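For reference, the structure discussed in these notes is given below.
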Amino acid sequence: MSTVLLRRANQHLLGIETLSALDIRQILARARILRDAPEQVHGVMAGVPVITLFYESSTRTRVSFEMAAQKLGASTISISASSSSVTKGESLWDTGRTLASMDPGVIIIRHSSPGAPQLLAEAMESVGNGAAVVNAGDGAHEHPTQALLDALTLLDRLDSLEGRTIGIIGDIAHSRVARSNLFLLRKLGARVLLGGPRSLVPKTLEPLGARIVRDVDEIIEVADAVMMLRVQFERMQGPPAFPSLSDYTRTYGLTAARARRMPPQAFVMHPGPMNRGIEIDPEVADGPTSVVAHQVRNGVAARMAVLERAMDVDGWSSSKDL
Ligand code: ASP
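In this text, residue positions in the sequence shown follow the numbering used here: the first is 498, and each later residue adds one.
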């Protein structure tokens with residue numbers, strides 16, 4: 498890209514559900530270029546303010562977005578709910594209108610309520626601001642950039658997702674990662690097997706194209722890759738979702754013994770943060786079949802591509818290697 502033209506065009510990224518397979522392939526292709534050909538990385542966002550507005554804690558997602566924005570030349574401003582006017586009772590709607598009035602380029606939001614990014618986008622549009630909103634995780638709804646970086650990681654090892662079997666195991670009920678991955682994997686032609694305790698694997702995901710398999714060993718023995726999910730204790734209320742942690746690990750955890758049942762080329766993913774010793778054995782998390790660090794590395798490239806798309810950077814769609 499030689500010309501640096503920016504056009505604000507409200508290219509929100511609210512979820513994977515509304516993207517087409519072509520949209521996904523374009524983002525992944527661009528992410529690959531930005532990762533593998535550093536000479537293709539330009540300061541196309543120079544002078545553009547990018548705000549990270551996080552109402553929930555985060556380590557990798559926030560740093561990864563900020564790093565991605567800075568690599569593209571943007572100036573990042575980070576707002577945490579705990580140090581903002583949210584503590585004075587300001588609504589998300591008013592926060593959105595306030596921030597929009599300062600004319601940022603992109604606002605990246607993480608919130609515990611499903612649909613919060615959509616509300617923010619509407620609030621910003623209500624003051625005529627054309628900034629893009631990017632969802633960095635909204636409750637148990639979606640975490641689109643996690644699914645994109647996961648797809649990038651999967652495709653680094655598997656040439657295509659068409660006909661591949663991907664297992665997602667653990668606390669699926671509370672997982673926005675599971676939902677975004679399910680949408681993406683189905684759009685790119687993969688078969689998705691879900692496993693975990695009955696209380697944490699909602700049947701409502703079956704109509705979206707997943708198959709629930711009660712015995713996780715059956716998933717582990719056939720999957721090309723397994724995504725192990727964190728047990729999200731902070732989102733659990735009421736009676737325990739399973740009898741005890743040791744029962745959970747024995748029945749659903751990726752123990753070293755269970756990992757040995759994976760097919761020879763199969764590999765292990767986890768979006769982090771990990772509950773080591775609960776859903777995944779430390780030996781597996783750090784072992785040769787784990788691609789966890791690679792996922793984190795791919796996160797920066799995937800988010801750079803998402804930010805370029807959000808800003809509708811001129812020439813963005815002309816450099817696709819599909
Ligand atoms: N980091 C991921 C998320 O924000 C997964 C997790 O928290 O377990 O959804």
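Yeah, the Cβ is synthetic: ideal placement off N, Cα and C, and Gly gets one too. Note that this is a predicted model, so its numbers are computed, not measured.
Close beta carbons around residue i, own chain, < 7 Å, minus the five adjacent residues each side
{"i": "residue 577", "result": "551"}
{"i": "residue 562", "result": "549, 605, 633 and 800"}
{"i": "residue 565", "result": "797, 800, 801 and 804"}
{"i": "residue 590", "result": "616 and 620"}
Same chain, Cβ closer than 6 Å to residue i, five either side skipped, listed in chain order
{"i": "residue 610", "result": "636"}
Contacts around residue i, its chain only, beta-carbon distance under 8 Å, and the 5 residues preceding and following it disregarded
{"i": "residue 726", "result": "665, 666, 667, 668, 669, 672, 674, 675, 693, 767, 768 and 776"}
{"i": "residue 752", "result": "746, 778 and 781"}
{"i": "residue 663", "result": "651, 678, 682, 687, 688, 689, 690, 720, 721, 722, 723 and 724"}
Below-7 Å beta-carbon distance, residue i vs any chain B residue
{"i": "residue 767", "result": "Absent here is chain B; the protein component of the structure consists of one chain."}
Residues bridged to residue i [DSSP beta-bridge criterion]
{"i": "residue 662", "result": "688"}
{"i": "residue 631", "result": "510 and 605"}
Any non-hydrogen atom of the ligand ASP closer than 6 Å to residue i Cβ
{"i": "residue 559", "result": "no"}
{"i": "residue 674", "result": "yes"}
{"i": "residue 727", "result": "yes"}
{"i": "residue 768", "result": "yes"}
{"i": "residue 791", "result": "no"}
{"i": "residue 640", "result": "yes"}
{"i": "residue 593", "result": "no"}
{"i": "residue 664", "result": "no"}
{"i": "residue 667", "result": "no"}
{"i": "residue 540", "result": "no"}
{"i": "residue 627", "result": "no"}
{"i": "residue 686", "result": "no"}
{"i": "residue 634", "result": "yes"}
Straight-line gap, residue i to residue j (C-alpha atoms, nearest Å)
{"i": "residue 733", "j": "residue 581", "result": "26 Å"}
{"i": "residue 817", "j": "residue 518", "result": "Because residue 817 sits at a pLDDT of 48, beneath the cut-off of 50, its placement in the model cannot be relied upon, and the following sentence gives the value as read from the coordinates. When rounded, the distance between both Cα atoms is 14 Å."}
{"i": "residue 640", "j": "residue 678", "result": "8 Å"}
{"i": "residue 791", "j": "residue 722", "result": "14 Å"}
{"i": "residue 779", "j": "residue 773", "result": "6 Å"}
{"i": "residue 600", "j": "residue 608", "result": "21 Å"}
{"i": "residue 625", "j": "residue 558", "result": "28 Å"}
{"i": "residue 622", "j": "residue 687", "result": "36 Å"}
{"i": "residue 526", "j": "residue 646", "result": "12 Å"}
{"i": "residue 739", "j": "residue 696", "result": "8 Å"}
{"i": "residue 717", "j": "residue 707", "result": "16 Å"}
{"i": "residue 586", "j": "residue 595", "result": "14 Å"}
{"i": "residue 498", "j": "residue 544", "result": "Interpretation of residue 498 is limited by its pLDDT of 40, a score under 50 that renders its predicted location unreliable; the figure taken from the coordinates is listed afterwards. So the two alpha carbons sit approximately 18 Å from each other."}
{"i": "residue 762", "j": "residue 593", "result": "46 Å"}
{"i": "residue 712", "j": "residue 684", "result": "26 Å"}
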